[in-house]
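Novice: Attaching a single structure in structure tokens format; questions to follow.
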Amino acid sequence: MLAQQREKMLSTPMEVMSDSESQDILSELRTFVAGASRSSDLDHNNLVKTSISLLKTLPAARESILEYFGSVFHNYVNRYLSLLEDGTLMISTANDNDILLDQEIPLIQIQNVLCNFVRKNAEAWAPIVSTWSLELLGDISSRYGSHRQLNSGSGRSGQVGSALNKRLQFWTVCGATRTLLDINTQCMSCLMHSNTEACINALLDMSVLHSPHFDWVVVHVGSSFPETVINKVLSVGIKDFCSNEQAVENPKLNSVVAILGHLASSHFIEIRNALLKLFQWSLEETVNDKNIAMQKTATVPYLLHLASLSQFLLKALSVDTLQTLNMKVLMRLSALASDWWCYFSNGRQGLLDLVVRLLLNLENSIYHILTMLLDTASLSEPELLSVSMTAQEIIELLINRMDLKLRTSDVTPPLVRSFYTQAPSLKKLLLSKSPLKSIYATKLFIALGKYNSQLLSSCIAYLLNKATTDVQVERLVELTRSLYDHKFFGYALALSLQYDSIENVVPSESPSMRLTLWKNVQTLLKYENRFGGPAKPVIYGLSENLGEILNNLKEYHCDITLSRIIASVIQNILTDIPRRLTVHETLALTEAVILFFFSCVVCEQDDTNQLKACQLATNLLSSCCLMCNIARNQATRLLIEIAINPPVSPVFGAIIKPDFNSLYSTELSLLKENIKQGNNLMVAQSAMSVFHAGIIGNGFREILIKSNLSSSRIKSNTQYLMEALRVCCLTDQKNVQLEAVTNVALLLVQLISPDVMFNGLPWPEEEFCKVTVERDLCIRKSFDNIPLLWTLMKFVAVHRPSLCYCSVLLRAITASLISQWNSASQGRSLKQNVQLLDTTILLLDVMSLGQLLPPPLSGIRDIVPHLSAPHVLMIFRECVWNYMRDHVPTPTMFARNGNGSAWRDPATSKPTKQYTETLRIIMLNNIDKLGDLYNQLFAVSSVEND
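The sequence shown lines up with residues 1 to 946 when you count with the working numbering.
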């Protein structure tokens, strides 16, 4: 192009000259040759004037004149450097008037004449002048690039190093180089709307030849015309790229990178836009122009090579260009892929290697790129199979290279750092419905998890809360298997348990998410128990979070499905982890398990599920109580206290009072009801007064509320409770600890007796019951309304001599029964005789079972149903009360048999006649009904005495 422009200029017809004009030109030419060859002492001012005159009149001398102009500029640069060395000039204070003031007129003249030529005929002169100025700048920059002043600096500005900004400051202060920059700027300005390619080509060539000394020129030119320079540099670069296969070794490609790199700090957005524009241009339909078609085909390899040589260009591409990639674009690119191989040293494999290397260096857009690759890899259409396989190959290579980089280098690839920051978004890929996507996402996280276990733990925590399908659970198992230390699963579980607060989960969704979490934990436990090695990260991680697990069980104990799963997990922990729990953990476990137990009894409707859940709770309670006595005492108290009080007691058959505050309105008042009657004076007991027998405004007060459960359900609930209480009293798997049952007895007294007075073991005279009648009636009412208390008393009675400690309860019930039988014997309250008789039998049965009443008094329970009320009253007073009064129920009455059980020997504890004669006489009076019983209780004993 430059040769064509020169030929065009030389072929321009010259004006016809006279002989005198020709002689003047010849004289000027001789003067110029003599001065330029330094054979004359003519000063440069005159010689420059002569050169300018020849340049206007003798085009053939242009190259020689430009060469001379170059020497002039070199001389001025030498002068500039000399002044710096002498200290005459300081860069920090230099300005246009400081430097070579007496010699700057020739520079201005040269600038004026060249710029005038460019303005008049830019198409012809601008490429030539621009190339000349750039070559001269390159030569100056390179020749003096190692000058001491550039490396050491001088003046008040301090050191002038080789840094780009300081080099730029150094040369722009110099009048010669600044003039050359102005000339080049003029050339670029004149070609702005026509053709700047020649100027840009020269800029690239000089950058290749004189880098890094020439970089400051590139920065200055690029800053003056950023968009033009950037677009033209890319355009020139791609044209050169097309003509050089294996273009990565092309020096001009490196020059393009260097120029764009210099402009990146202040013109990054323009570079991004230019790269995007170039990429989009390459996707347009190819025209008939072969060269254009070749350039479009080479654009993607060109951009890839540029990105491989510069991290900032890779960043520029990833910000905009990579974001435009979609399935349609990928299909278009895949059609061109085979034409790209010639631009890479190893063909197709070289292309894939470069793509993977660039991906590893990505600092952003990782989510978009990865999802795009996974979408492509998941394509199943036959015509897209090759594209899908290529995407899979890239992903596999990426994972392998990432793993290799992390193992062999201390420097973390940018992609990995980006991966860490965008992990919350990338985790969603683990839940993809596409198995291939979730598989590759899992592989990526496993590869990174080897070097960042917290990342892997966070992924496990995410899936613990989110995995609902079999495929997702399988991914969870794979991630967990890759853990090599149980503490990381513990960390994952801790994260998952905090997921509600971290992610601001809606409260209504929390139970559902918790159910998913614990179902997945249960699945992991099953897998680990079946296939796991000795490490067992799941069970150990669960053990480390036992406290939080117990809090979950307490928080969600009313959700029977969820709480059953959590309880089974806890059982696995206690079974598989050979460590003793702390006292705090044991007490927390006991409380949580008891809440779970009562939830099973109250909430579970299915009999089979209820049985399994209660057995699970019982087993856990057994483990707790065997660990420490404090847990045993806590479990016993909670079991009894919760079971006999609302709102749980009705499931065991209790009759409770309603909560009037919640059931009835209290807005109406008795005062207001009376005021409605009028303004007259209200007199008590008069018809004008309103009295109310119920809840004001709500009708009659309901006295008691009975359980609506079936008797079979109440019976099974009671059995589950008593089994749980029994295991709380075991010293091992089968032996009951007497001390624990004694504690049950004392606890019953504490919970049932309304005060602590008169709770001793002795029975007083019957008359003394007048003092304790209120307390006795309260105790009796508790037993009437809570049938479970009789079951608990029988449990205590079986384990003698524990019933002795319930003496106050037995005494209170006996006293109330005596009062009732007395009323019944007088013909009052006869309708209550059935309930009275049942309570009497229960009491006598308990006392006989606990051996507080020895034979024949122990047989009274079988006699009472056949007697009249006066006879029953007499037996209670003369036989039962008097015997208990005179024989204080204490553990000292019992001895140990050969089995270690407490036993009261009937032979040595047989009551005397004063306690049995009344019973015997009454039985004789009713011998027709009680003959067999009389024979058992008295005749047999008489024979034995004989």
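All C-beta atoms in this analysis are idealised placements derived from N, C-alpha and C, irrespective of residue type, glycine included.
Sorted by chain position, which residues of the same chain lie with C-beta nearer than 8 Å to Gln472's C-beta, five sequence neighbours on each side aside?
Specialist: Here residue 472 refers to the residue found at position 472 of the sequence shown. Here the set comprises Leu430, Leu431, Ser438, Leu463 and Lys466.
Novice: Could you tell me how far apart the beta carbons of Ile460 and Leu479 are, in whole angstroms, since I believe they sit closer than 8 Å?
Specialist: Translated into the one-based positions of the sequence shown, residue 460 becomes position 460. Translated into the one-based positions of the sequence shown, residue 479 becomes position 479. Ile460 to Leu479, Cβ: 5 Å. Contact.
Novice: For Leu493, which residues in the same chain have their Cβ closer than 6 Å to its Cβ, ignoring the five residues on either side in sequence?
Specialist: Translated into positions along the sequence shown, residue 493 becomes position 493. The residues are Gly541 and Asn545.
Novice: Roughly how many angstroms lie between the CA atoms of Ser386 and Leu354, to the nearest whole one?
Specialist: The residue labelled residue 386 in the question sits at position 386 within the sequence shown. The residue labelled residue 354 in the question sits at position 354 within the sequence shown. Their backbone Cα atoms lie some 19 Å apart in a straight line.
Novice: Could you tell me the alpha carbon to alpha carbon distance between Ser711 and Thr469, rounded to whole angstroms?
Specialist: By one-based count along the sequence shown, residue 711 stands at place 711. By one-based count along the sequence shown, residue 469 stands at place 469. Approximately 42 Å between the Cα atoms of the pair.
Novice: I need the boundaries of the alpha helix (DSSP H) containing Gln737, first residue and last residue.
Specialist: As a working note, residue 737 is residue 737 in the sequence shown. No alpha helix (DSSP H) contains Gln737, which DSSP labels as neither H nor E.
Novice: Using CA atoms only, rank isn't needed, just tell me which of Val834, Val416, Tyr805 and Cys804 is closest to Leu959.
Specialist: This structure cannot speak to residue 959, because the chain is shown only from 1 to 946.
Novice: Going straight from the alpha carbon of Asp954 to that of Trp763, what length do you get?
Specialist: The question about residue 954 has no answer here: the residues shown for the chain are numbered 1 through 946.
Novice: Here's a check: name, in chain order, each residue in its chain whose Cβ is nearer than 6 Å to the Cβ of His557, leaving out the five neighbours to either side.
Specialist: As a working mapping, residue 557 is identified with position 557 in the sequence shown. Contacts found: Ser563, Leu595, Phe596 and Ser599.
Novice: Since Gln721 and Leu639 are thought to touch, with beta carbons under 8 Å apart, how far apart are those beta carbons, to the nearest angstrom?
Specialist: Locating residue 721 in the sequence shown gives position 721, counting from the first residue. Locating residue 639 in the sequence shown gives position 639, counting from the first residue. First, the residue type needs correcting, since residue 721 is Leu and not Gln in the sequence shown. The Cβ separation is near 7 Å, so the contact holds.
Novice: Given a cut-off of 8 Å on the beta-carbon distance, is the pair Leu751 and Glu641 in contact?
Specialist: Residue mapping note: residue 751 aligns to position 751 of the sequence shown, counting from 1. Residue mapping note: residue 641 aligns to position 641 of the sequence shown, counting from 1. Cβ atoms of Leu751 and Glu641: closer than 8 Å.
Novice: Taking the straight line between their C-alpha atoms, what separation do you get for Asp928 and Asn759?
Specialist: Locating residue 928 in the sequence shown gives position 928, where the first residue counts as 1. Locating residue 759 in the sequence shown gives position 759, where the first residue counts as 1. Computed Cα separation, rounded: 42 Å.
Novice: Nearest-angstrom Cα distance between Lys612 and Cys806?
Specialist: On the sequence shown, position 612 is the one that residue 612 refers to. On the sequence shown, position 806 is the one that residue 806 refers to. Approximately 33 Å between the Cα atoms of the pair.
Novice: Got a sec, what are the start and stop residues for the alpha helix (DSSP H) Val300 sits in?
Specialist: Locating residue 300 in the sequence shown gives position 300, counting from the first residue. First-last of the alpha helix (DSSP H) with Val300: Lys290 to Leu309.
Novice: In angstroms, rounded to a whole number, what distance separates the CA positions of Asp139 and Phe268?
Specialist: For the purposes of this step, residue 139 is taken as the residue at position 139 of the sequence shown. For the purposes of this step, residue 268 is taken as the residue at position 268 of the sequence shown. Asp139 and Phe268: Cα-Cα distance of roughly 29 Å.
Novice: Helix or strand or just coil, what does DSSP make of Val173?
Specialist: The residue given as residue 173 occupies position 173 in the sequence shown. It is helical.
Novice: Which residue wins for smallest C-alpha separation from Phe961, given the options Leu789, Ile570 and Val756?
Specialist: As displayed, the chain neither begins before 1 nor continues past 946, which places residue 961 out of reach and without an answer.
Novice: Straight-line CA distance for Met62 to Thr131?
Specialist: The residue labelled residue 62 in the question sits at position 62 within the sequence shown. The residue labelled residue 131 in the question sits at position 131 within the sequence shown. It is worth fixing the name first, because residue 62 is Arg in this sequence and not Met. Roughly 14 Å between the two C-alpha positions.
Novice: Find out if the Cβ-Cβ distance for the pair Ser802, Thr742 is shorter than 8 Å.
Specialist: Taking the first residue of the sequence shown as position 1, residue 802 is located at position 802. Taking the first residue of the sequence shown as position 1, residue 742 is located at position 742. Contact flag set, yes.
Novice: Measuring only the C-alpha atoms, how far is Arg632 from Cys624?
Specialist: Start at 1 with the first residue of the sequence shown, and residue 632 comes out as number 632. Start at 1 with the first residue of the sequence shown, and residue 624 comes out as number 624. Arg632 and Cys624: Cα-Cα distance of roughly 7 Å.
Novice: Suppose only complete runs of 4+ residues qualify. What are the alpha helix (DSSP H) ranges in the stretch 853-881, listed by chain order?
Specialist: Those alpha helix (DSSP H) runs which fall completely within the stretch 853-881 and span 4+ residues are 860-863 and 869-874.
Novice: According to DSSP, is Leu479 part of a helix, a strand, or is it coil?
Specialist: Counted from its first residue, the sequence shown places residue 479 at position 479. Residue state, collapsed to three classes: helix.
Novice: Reducing DSSP to helix, strand and coil, say where Ala535 ends up.
Specialist: Looking up residue 535 in the sequence shown gives position 535. The answer is coil: DSSP assigns Ala535 none of H, G, I, E or B.
Novice: With a threshold of 6 Å on Cβ separation, who are the neighbours of Val593 within its own chain once the five nearest residues in sequence on each side are excluded?
Specialist: For the purposes of this step, residue 593 is identified with residue 593 of the sequence shown, where counting begins at 1. Contacts found: Ala617, Leu620 and Leu621.
Novice: Indicate whether at least one CB of chain B lies closer than 8 Å to the CB of Gln733.
Specialist: Among the chains in the structure shown there is no chain B, since it carries only a single protein chain.
Novice: Please state whether the Cβ-Cβ distance between Leu456 and Phe488 is less than 8 Å.
Specialist: For the purposes of this step, residue 456 is taken as the residue at position 456 of the sequence shown. For the purposes of this step, residue 488 is taken as the residue at position 488 of the sequence shown. Result yes, Cβ atoms of Leu456 and Phe488 sit closer than 8 Å.
Novice: Considering only DSSP beta bridges, list what Trp790 is partnered with.
Specialist: Locating residue 790 in the sequence shown gives position 790, counting from the first residue. According to DSSP, Trp790 bridges with nothing at all.
Novice: Quickly, what does DSSP pair Leu730 with across the bridge? List them, please.
Specialist: As a working note, residue 730 is residue 730 in the sequence shown. Partner(s): Val736.
Novice: Hey, quick one: how far does the alpha helix (DSSP H) through Asp410 stretch, first residue to last?
Specialist: Here residue 410 is taken as the residue at index 410 of the sequence shown, counted from 1. It is not in any alpha helix (DSSP H) - Asp410 carries neither H nor E in the DSSP assignment.
Novice: What's the C-alpha gap between Ile108 and Ser207?
Specialist: Start at 1 with the first residue of the sequence shown, and residue 108 comes out as number 108. Start at 1 with the first residue of the sequence shown, and residue 207 comes out as number 207. Spanning the two alpha carbons is a distance of roughly 26 Å.
Novice: Can you tell me the Cα-Cα spacing of Phe894 and Ala902, whole angstroms?
Specialist: Locating residue 894 in the sequence shown gives position 894, where the first residue counts as 1. Locating residue 902 in the sequence shown gives position 902, where the first residue counts as 1. Distance between the alpha carbons of Phe894 and Ala902 is about 6 Å.
Novice: Count Cβ pairs between the stretch 257-272 and the stretch 288-297 that sit closer than 8 Å; are there 3 or more?
Specialist: Touching, no, given that fewer than three Cβ pairs across the two stretches are closer than 8 Å.
Novice: Run the CB neighbour count on Leu937, radius 10 Å, all protein chains shown included, and call it buried at 16 or more, exposed below.
Specialist: Reading the sequence shown from its first residue, position 937 is the one you call residue 937. Under this definition Leu937 is a buried residue.
Novice: Buried or exposed, going by whether 16 or more other CB atoms sit within 10 Å of the CB of Leu930?
Specialist: Residue 930 sits at position 930 when you count from the first residue of the sequence shown. So Leu930 ends up on the buried side.
Novice: Nearest to Met188 by alpha carbon, out of Arg896, Ile200 and Thr179?
Specialist: Residue mapping note: residue 188 aligns to position 188 of the sequence shown, counting from 1. For the residues Arg896, Ile200 and Thr179, the minimum Cα distance to Met188 belongs to Ile200.
Novice: Is Ile566 closer than 8 Å to Asn552 when the C-beta atoms are compared?
Specialist: Against the sequence shown, residue 552 aligns to sequence position 552. Against the sequence shown, residue 566 aligns to sequence position 566. Closer than 8 Å, so yes.
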